[in-house]
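Data first, discussion second: the structure below is written as structure tokens.
Residue numbers (my numbering): 24 to 208.
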């Protein structure tokens with residue numbers, strides 16, 4: 024298995040959660056009710072899975088492997104990806120800070136939540152496109168099958184250490200449940 028395929032599969036799960044949040048944002052914009060738990064779950068998922076686990080696989084394993092093969096960090100594609108990871112972290116913090124005021128009836132809090140969520144959605148969708156269609160194909164050309172296999176092994180360690188047993192599956196069940204609820208809106 025290619026390490027990049029693992030990351031692409033994780034992108035698919037992240038995109039599913041982005042779609043859920045986008046539907047919730049549309050409801051908020053129309054003044055309709057949205058369960059606060061949706062945003063709590065989404066920000067937990069984005070913080071713990073998308074950032075703490077998925078981005079760790081990229082930042083600690085894939086990007087250094089690509090650097091060894093001559094892909095530039097400073098002024099190159101890896102630097103762009105890292106900067107976008109940092110931007111995403113800022114949007115997650117912004118969403119987390121806005122949840123309580125937004126659902127306590129504060130119109131500014133509601134607007135802040137909408138804006139932070141929209142910013143994160145736009146950033147991540149563009150980021151995923153760049154990785155899936157530029158960076159990962161580059162990695163597939165530059166990294167040997169044995170290097171890809173070593174990355175897969177390292178990814179397993181990161182997932183075990185950063186999320187713990189069963190968490191990946193729990194996140195997929197959570198996404199499934201929110202997709203069912205959003206489909207009923």
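Note that beta-carbon positions come from the ideal geometry of N, C-alpha and C, so glycine has one too. It should be emphasised that the depicted structure is a prediction, and the values quoted were computed from it without experimental measurement.
- Message: Can you check which of these residues, 94, 193, 174 and 70, is closest to residue 41 by C-alpha distance?
- Response: Residue mapping note: residue 41 aligns to position 18 of the chain shown, counting from 1. Minimum Cα distance to residue 41 is reached at 70.
- Start and end residues, alpha helix (DSSP H) containing residue 25: One-based indexing of the chain shown puts residue 25 at position 2. Per DSSP, residue 25 lies in no alpha helix (DSSP H) segment and is marked neither H nor E.
- Message: One question on the structure: do residue 26 and residue 85 come within less than 8 Å of each other, judged by their Cβ atoms?
- Response: In the chain shown, residue 26 corresponds to position 3, counting from 1. In the chain shown, residue 85 corresponds to position 62, counting from 1. Going by C-beta atoms, residue 26 is nearer than 8 Å to residue 85.
- residue 116, buried or exposed, once every other Cβ within 10 Å from all chains shown has been counted against 16: Within the chain shown, the letter at position 93 stands for residue 116. Residue environment analysis places residue 116 among the exposed positions, since fewer than 16 neighbouring C-beta atoms fall within 10 angstroms of its C-beta.
- Coarse secondary structure for residue 166, derived from DSSP in three states: Numbered from its first residue, the chain shown carries residue 166 at position 143. In this structure, residue 166 counts as coil in the three-state DSSP scheme.
- Residue of 44, 134 and 92 minimising C-alpha distance to residue 206: On the chain shown, position 183 is the one that residue 206 refers to. Nearest C-alpha to residue 206: 44.
- Task: For residue 165, collect the residues of the same chain with a Cβ closer than 6 Å to its Cβ; drop the 5 residues on either side in sequence, then sort them by chain order.
- Result: For this step, residue 165 is matched to residue 142 along the chain shown. Excluding sequence neighbours, residue 165 sits near 92.
- Item | Limits of the alpha helix (DSSP H) - the one that residue 100 falls within | Here the question's residue 100 lines up with position 77 in the chain shown. Unbroken alpha helix (DSSP H) run through residue 100: 100-126.
- Along the chain, which unbroken stretches of the alpha helix (DSSP H) at least 4 residues long are found entirely within the stretch 55-97? You should have 59-67 and 86-91.
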